[in-house]
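Q: Under our numbering, the residues of the sequence shown are numbered 110 to 183, in order.
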Amino acid sequence: YFLKWNGVYKEMPDTDQGSDLRCFSDMPSPKNCIDKEGIMLSIARFGGGKIKIETRHGNTYLQLSERSELKRIK
């Protein structure tokens with residue numbers, strides 16, 4: 110999935126407020142977290158090459174195999 114990002118990195122706080130953050134271990138700390146502002150795009154891959162893509166605006170696309178066309182289903 111791809112999260113909405115406002116371009117600002119934050120430091121993980123010492124409180125439970127950190128549950129609203131997504132932190133990246135491959136970035137130097139302390140400012141290696143972003144706000145979880147919402148999922149913009151979700152991509153799922155299933156057996157046989159099937160792919161499902163869902164957008165934040167409620168659109169859903171499906172590709173039944175690696176060679177088939179991507180079609181909007183919702």
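All C-beta atoms, glycine included, are put in the ideal place defined by N, C-alpha and C.
Between residue 144 and residue 155, what straight-line distance do the alpha-carbon atoms span, to the nearest angstrom?
A: Whole-angstrom Cα-Cα distance: 29 Å.
Q: Between residue 149 and residue 113, is the Cβ-Cβ spacing less than 8 Å?
A: In this structure, residue 113 lies closer than 8 Å to residue 149 by Cβ.
Q: Within 8 Å (strictly less), CB to CB, does residue 165 reach chain D?
A: Absence of chain D from the displayed structure is noted, only one protein chain being present.
Q: Hey, how far is the Cα of residue 141 from the Cα of residue 132?
A: When rounded, the distance between both Cα atoms is 6 Å.
Q: Starting from the N-terminal side, write out each stretch of the beta strand (DSSP E) that is 3 residues or longer and does not extend beyond the region 133 to 163.
A: Runs of the beta strand (DSSP E) inside the region 133 to 163: 140 to 144 and 148 to 154.
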